[in-house]
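These notes are about the structure you will find just below.
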Amino acid sequence: MASPAKREANWRTDISCETRSKISKFTYTWTIHDFSLRRQETGQNIESPTFSTKGPGNRYWRLQLYPNGFNEESKDFVSLYVRDAAADDCKDKYPIDYKFAVIDEGGHKASLQEWTCYFSKGGSWGFAKFIEKAYLLTGTDHLLPNDKLTVYCEVLGFIDSKIVSTRNTPGEIQIPGRRLSQDSGHLLSSRRFSDVVFSVEGEDIHAHKNILAARSPVFAAMFENDMKEKEQGRVEIPDCRFEVFREVVEFIYTGDAPKLDQMAEQVLVAANKYDLTRLKAMCEVVLCKKLSVRRAAEILVYADMHNAQQLKAKAIDFIKVHASEVLETDGWKEMEIEKAHLVAEVLSALTV
Numbered sequence: 001m002a003s004p005a006k007r008e009a010n011w012r013t014d015i016s017c018e019t020r021s022k023i024s025k026f027t028y029t030w031t032i033h034d035f036s037l038r039r040q041e042t043g044q045n046i047e048s049p050t051f052s053t054k055g056p057g058n059r060y061w062r063l064q065l066y067p068n069g070f071n072e073e074s075k076d077f078v079s080l081y082v083r084d085a086a087a088d089d090c091k092d093k094y095p096i097d098y099k100f101a102v103i104d105e106g107g108h109k110a111s112l113q114e115w116t117c118y119f120s121k122g123g124s125w126g127f128a129k130f131i132e133k134a135y136l137l138t139g140t141d142h143l144l145p146n147d148k149l150t151v152y153c154e155v156l157g158f159i160d161s162k163i164v165s166t167r168n169t170p171g172e173i174q175i176p177g178r179r180l181s182q183d184s185g186h187l188l189s190s191r192r193f194s195d196v197v198f199s200v201e202g203e204d205i206h207a208h209k210n211i212l213a214a215r216s217p218v219f220a221a222m223f224e225n226d227m228k229e230k231e232q233g234r235v236e237i238p239d240c241r242f243e244v245f246r247e248v249v250e251f252i253y254t255g256d257a258p259k260l261d262q263m264a265e266q267v268l269v270a271a272n273k274y275d276l277t278r279l280k281a282m283c284e285v286v287l288c289k290k291l292s293v294r295r296a297a298e299i300l301v302y303a304d305m306h307n308a309q310q311l312k313a314k315a316i317d318f319i320k321v322h323a324s325e326v327l328e329t330d331g332w333k334e335m336e337i338e339k340a341h342l343v344a345e346v347l348s349a350l351t352v
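So for the sequence shown, full-length UniProt numbering puts the first residue at 1; every next one is plus one.
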C-alpha cells in the first residue's frame with residue numbers, strides 16, 4: 001500500500017510572483033430636464049454628450065435613452081444603452097462591466113441594473129426594459145424631482161496586468177470567500193441529513209427542520225408543537241404549486257429567489273403564510289414594477305387581501321396620479337362592487 005504523501009511545514013520558495021490587474025472605474029451622471037414632456041416615439045432616442053474613460057485605448061462613450069422604449073416590445077418602458085463612440089479603428093473586443101441607475105430626490109441610486117459584456121468599436125449594450133415608464137412617472141419614489149430624470153452610469157474596465165516578482169517571500173495566507181449561501185443551497189439539493197419531507201403536487205422536497213425553524217416562525221411552531229408533522233417527518237402542502245414552494249424553500253436556505261420575477265404573486269402568498277418578511281418585501285418590489293393603468297385596481301385588491309401594506313400604498317399612490325384613467329378600467333368597476341372599503345380608501349387619498 002502506498003504511503004501517504006509527506007507534507008512540508010513552513011515552506012518557502014526562492015521567488016514568488018503576483019499578477020496584478022489595473023482596473024479603470026468611471027462614473028457619469030446625465031440629467032434630462034422636463035422628462036415628462038419628451039415626445040420621442042418608440043425607437044427614437046436622446047443622446048448624452050460624449051464622455052471619456054481611462055480604459056483600453058482611452059475609450060469614448062455616449063448614453064442613449066429611449067423615453068418610449070427601444071422597440072414595440074419595450075414601448076411601456078424607458079430603454080437605456082451605453083455606446084462606444086470612439087473614432088479610432090480599434091477592432092479588438094474588450095470586457096466592460098457597466099451599471100445603470102436612476103438618482104432619486106435624495107441622491108440615492110434606484111432601479112440599479114448591471115451587466116458584463118465585450119465591447120467593440122461602435123457597439124452598444126444596455127436594457128430595453130430599464131424601468132417601467134408608468135412607475136417612473138408616478139412620483140411615488142421621487143425619481144423625477146422637478147420633472148428631471150438623472151441617470152447614473154458606472155463603467156468598469158480592465159486596462160492591463162502586471163507581474164510583480166519578489167525573492168524569499170513566504171506565501172500569504174489565503175482566506176476563502178464566503179460560501180454560506182452556496183453550502184446551504186448544496187445541502188438542500190443533496191438531501192443529506194434531511195429530516196423532513198414536503199409533499200407538494202405529488203412531488204417531494206427534502207429539507208431540514210432546524211434550518212426551516214431558524215428562518216420561519218411558522219415552521220418553528222409547526223415542529224415544536226405536538227403536531228403529526230413532528231412525529232411523521234412528512235408535511236403535506238395542499239394549497240401551493242410545487243415550483244412556488246420550491247422557490248420559497250430555496251430562499252429559506254440561500255436568501256435568493258432566482259425565479260421571483262415569474263411568480264411573485266404566488267410566492268408572496270406563501271411568504272405571508274410562513275412569515276418570511278424579507279421574501280414578502282422582495283415580492284412587493286417586483287409587483288410595484290408591474291403597476292399600470294390596466295392592473296392598478298387588481299394589484300390593490302391583491303395587496304389588501306394578502307396584507308402587503310407597502311405594495312398597497314404604492315398602488316394607491318399610482319391610482320392617485322392616474323385616477324382619470326384607472327377609474328374607467330374594468331378592474332376598478334369590479335372593485336367598486338366587491339371591495340367598497342378599498343374604493344373609500346382611494347377616494348379619501350384623492351382628497352388629501
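Glycine included, each C-beta is placed from N, C-alpha and C at the ideal position.
Quick caveat, the model's predicted, so the values are computed rather than measured.
Integer Cβ distance of residue 359 from K129, believed to fall under 8 Å: Limits of the chain in this structure are 1 at one end and 352 at the other, which puts residue 359 out of reach.
Between which two residues does the beta strand (DSSP E) containing Y66 stretch? Y60 to Y66
Going by the beta-carbon positions, is the gap between R83 and W61 smaller than 8 Å? yes
Let's see if you can read the secondary structure: which residues bound the alpha helix (DSSP H) around I205? Segment E203 to A207 is the beta strand (DSSP E) holding I205; no alpha helix (DSSP H) there.
A270 and C240 look like a contact to me (Cβ under 8 Å); what is the Cβ gap, rounded to whole Å? 6 Å
Taking buried to mean at least 16 other C-beta atoms within 10 Å of its own C-beta, is T351 buried or exposed? exposed
Beta-bridge pairing of A221 - partner residues as DSSP gives them: According to DSSP, A221 bridges with nothing at all.
Whether E201 touches H142 by CB criterion (8 Å): Contact flag unset, no.
Enumerate in chain order the residues of its own chain whose CB-to-CB distance from I131 is below 6 Å, with the five nearest sequence positions on each side excluded. Once the five neighbours on either side are set aside, the close Cβ partners of I131 are V78 and S111.
Can you list the alpha helix (DSSP H) stretches of 4 or more residues lying completely in the segment 266 to 315, in chain order? 277 to 288 and 296 to 305
Range covered by the beta strand (DSSP E) that runs through F245: That residue, F245, is in no beta strand (DSSP E); its alpha helix (DSSP H) goes F242 to T254.
Rounded to whole angstroms, what is the Cα-Cα separation between L327 and K75? Distance between the alpha carbons of L327 and K75 is about 23 Å.
Alpha-carbon to alpha-carbon, D195 and S184: Rounded to whole angstroms, S184 to D195 spans 15 Å at the Cα level.
Where the beta strand (DSSP E) containing I175 begins and where it ends: Counting along the chain, I175 falls outside any beta strand (DSSP E), and DSSP gives it neither H nor E.
Have a look at A323 and N45 and give me their C-alpha separation to the nearest angstrom. 29 Å
Minimum C-alpha distance to L65 - residue among E72, F318 and W30: W30
May I have the straight-line CA-CA distance separating V301 from K339, to the nearest angstrom? 8 Å
Taking the alpha-carbon of H206 as reference, which of G43, V155, L180 and R246 has the nearest alpha-carbon? R246
Close beta carbons around P145, own chain, < 7 Å, minus the five adjacent residues each side: E105
Kindly list the residues whose CB is nearer than 8 Å to the CB of K320, restricted to its own chain and excluding five residues on each side of it in sequence; keep chain order. Around K320, the same chain offers V346, A349 and L350 as residues with beta carbons nearer than 8 Å, after the five sequence neighbours per side are excluded.
Between G233 and L187, what straight-line distance do the alpha-carbon atoms span, to the nearest angstrom? Taking C-alpha positions only, G233 is separated from L187 by approximately 18 Å.
Do you know offhand how far S216's Cα is from L276's? 6 Å
Once the 5 residues before and after R278 are set aside, which same chain residues still bring their CB inside 6 Å of it? none
Cα separation between D97 and R192? Straight-line measurement puts the Cα of R192 at about 38 Å from the Cα of D97.
Collapsed DSSP secondary structure at L143 in the structure displayed: The three-state reading of DSSP puts L143 in coil, since its state is none of H, G, I, E or B.
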